[in-house]
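The structure under discussion appears below in the form of structure tokens.
Numbering (my numbering), first residue to last: -2 to 788.
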């Protein structure tokens, strides 16, 4: 039976006038008498200042700030960078116009010419820049695009016809503007001399969990045999077809100039929302023909060289027809190139974008700020609620907090608004959530006299609250994004912080810092402790009880064992393996954190030294299968190594925590992740006034297993949290109170003036280059005082 890829036949193109929302603003441009200058990339531009109420007539000049999803530090790894650079070059060719690139998180500099922001999106949609005209060009579907956020753009272009129609149904004014290509870069004459034709080419990665590449796989299986460049293909296709992992931008232009046919296989969301990717335009500009899987609604009668195929039979027929014909001459390929350049090159797109930008400047249309001081509309004074009194669900709790923050900020826009009364204390109930600290801060500002208000901080708080409020209105999300209970907690913080909804570490994060450790050396004699150590073990996975029974036998001094689990049946099995343990059946809430810290809070006073362990499994990642064994090798690897750890606590008074060296597969996650906002609330509750450390300086026991001096973690114990402070269990991998406390274990330890010591087992060969070896406890104490393990 023939296999089909299916959408309806091509729909006609859409063309609608640009958005023309008139937004309240009296900002106008004028040149400063003495304009300062700054470097914009490799060029110097002169700053111009925004002033209110000016009637200065606008010239035709415009500076386009082209914003892309790449960070400046990894810009070359993103195809969007080359896309934006080509478009910027075309904009500069328009008389009176200039352009520069902005990378993720960057603010545009003020420029000599009136500035307009062009967001080129991209999986991550950032907010419009307040006080400037903002144009959005969606060249691939964002992970999240709430209609409220889209409406704050003054003009919206969309490269997918199906998505453009969906946006229209929500009342958004949108113009269909397909992707394009750099016709100066992709040219038939880029073909190297004396190099043969390549009959069939595909350039792109293979990640079956993200993109199936059915078209390419079908071509291989049917013997059509394309030459393939891209990561992920080794072992999937015959070795003779795989040509390499990467092509740089120049090499790509040369390969397309040699190709007779280029295959274009789209990610599913690109195809279903109508986005013909720029791969097709690049190939056509180089003179090649294109065979693509179907893209919903895409129809380009002026580009008959793009053939969309819906079945294997269609694919074989198209390849046979094209390759049976004589190869196109250079003259024919150049004629195709020139025809494409007229309507689908960056020069054509630049004309459309510059025209839209000039129209916005002429109409004084700019994006509104989230907080606009001086607004005297008379917003009623809100009644403040105790932030500690929350909702049982993270989504509801954050939604309520966002509404209150926005109402506070709207009230404070009125310069005559008197201070608000502090909230009445209420019961400390409900989940601790990512917007709780922001709500406290907004309330504190609102209760101050006007002279002590902080408009810059209110703008930041309102921006964050507005962003999450818009995202939580599910019925107004044109992409239909739905997040499971497992995803929503980390998703909330990422939206609040305007961070992408994909796994990404902090900029310039150094994984190597997590490799520094002390290799334990044996001590035969068991130290004599003033009190018995307390071992706290949580076993959700009760089948691991025998593993821990064997490991705990390495503790040769007397100790008390406390075990938690969530059912009586599990408790019975555990009791058979660990008969000396005090076992408690506790609610399955807060992972291992709540049971170990708060389910046994009443017994901690008996112990100066504690050991935290739990039956760790990581169903979400096979790469973490050996994590538990690694941790146990570090903390209870042998009796002699446990004796050494206990002796370190005995001889180094400021040693607060001994943690395992970070497991190799967890190094990239050894930062705040989606947990910093909840950590701010925890820090406030513990009266930690110092700012939280940045990602590079954060030290914590990844996996939440460690030896510790009780005094070092006492502030966390004193929080006395209850199960309802933690979100319901849903298999979350980040962004919960438990994940925040895991990181705050290290923060609290350091805040109390204690040292954190990462260790590896005596037989561990992990991170050998980063091991710091000492031969006595005294040498180690001096090294800790000198910060050797904090670098």
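Glycine residues also receive a C-beta, built at the ideal position from the N, C-alpha and C atoms. It should be emphasised that the depicted structure is a prediction, and the values quoted were computed from it without experimental measurement.
Item	Value
For residue 97, list the residues DSSP reports as bridge partners.	62
Would you please state the rounded distance, in angstroms, between the beta carbons of residue 169 and residue 156? I believe it to be under 8 Å.	Not a contact, Cβ separation roughly 15 Å.
Could you tell me how far apart the beta carbons of residue 163 and residue 254 are, in whole angstroms, since I believe they sit closer than 8 Å?	That belief does not hold up - the Cβ atoms of residue 163 and residue 254 are roughly 37 Å apart, past 8 Å.
For residue 502 versus residue 665, is the C-beta spacing smaller than 7 Å?	yes
Taking the CB atoms as reference points, tell me whether residue 223 and residue 197 lie closer together than 7 Å.	yes
So what does DSSP say about residue 705, is it helix, strand or coil?	strand
With DSSP collapsed to three states, give me the class of residue 424.	coil
Cβ of residue 740 within 7 Å of Cβ of residue 697?	yes
Measure the alpha-carbon distance for residue 693 versus residue 668 and round it to whole angstroms.	7 Å
CA-CA distance, residue 226 and residue 106?	39 Å
Indicate whether residue 88 and residue 96 have their beta-carbon atoms separated by less than 7 Å.	yes
Taking the CB atoms as reference points, tell me whether residue 370 and residue 433 lie closer together than 7 Å.	no
Give the list of continuous beta strand (DSSP E) stretches no shorter than 3 residues that lie fully inside the segment 478 to 551.	531 to 535
Can you have a look at residue 352 and say buried or exposed, based on whether 16 or more other CB atoms are within 10 angstroms of its CB?	exposed
Whole alpha helix (DSSP H) runs in the segment 255 to 330 with 4 or more residues, listed along the chain?	265 to 269, 275 to 282 and 309 to 321
What are the start and end residues of the beta strand (DSSP E) that includes residue 239?	239 to 241
Do residue 556 and residue 459 count as a contact pair if the criterion is CB distance below 7 Å?	no
Given a threshold of 16 other Cβ atoms within 10 Å of its Cβ, counted over all protein chains shown, does residue 373 qualify as buried or as exposed?	exposed
I'd like to confirm the pairing. Which residues does DSSP put opposite residue 562 in its beta bridges?	582
In whole angstroms, what is the alpha-carbon distance linking residue 134 and residue 125?	12 Å
Is residue 390 closer than 7 Å to residue 732 when the C-beta atoms are compared?	no
Residues in the same chain with beta-carbon distance under 8 Å from residue 37, minus the five sequence neighbours each way, listed in chain order, please.	Note that residue 37 scores a pLDDT of 43, beneath 50, so its modelled location is shaky and nothing firm can be said.
Near residue 780, which residues of its chain fall below 6 Å by C-beta distance, leaving aside the five closest residues on each side in sequence?	none
Locate the alpha helix (DSSP H) running through residue 681, then write down its first and last residues.	673 to 682
To the nearest angstrom, how far is it from the Cα of residue 440 to the Cα of residue 396?	16 Å
Within the segment 115 to 186, note down every full alpha helix (DSSP H) run reaching 4 residues or more, in order along the chain.	144 to 148 and 158 to 166
With respect to 6 Å, is the separation between the Cβ of residue 585 and the closest non-hydrogen atom of the ligand ADP below this value?	As for the ligand ADP, it is missing from this structure, which has no ligand bound.
Can the beta-carbon of residue 112 be found closer than 7 Å to that of residue 58?	no
In its own chain, which residues sit with a C-beta less than 7 Å from the C-beta of residue 355, not counting the 5 before and 5 after it?	57 and 59
Would you list the residues sitting across from residue 112 in a DSSP beta bridge?	60
Does the separation of the CB atoms of residue 364 and residue 172 fall below 7 Å?	no
Alpha carbons only, please: which of 319, 345 and 608 is nearest the one belonging to residue 629?	608
Are residue 213 and residue 144 close, meaning C-beta to C-beta below 7 Å?	no
Given residue 552, which residues of its chain have a CB within under 6 Å of its CB, disregarding the five upstream and five downstream residues?	639
Going by the beta-carbon positions, is the gap between residue 334 and residue 282 smaller than 7 Å?	yes
Short of 8 Å in beta carbon distance, which residues of its chain neighbour residue 337, apart from the five on each side in sequence? Order them along the chain.	178, 180, 278, 281, 282 and 300
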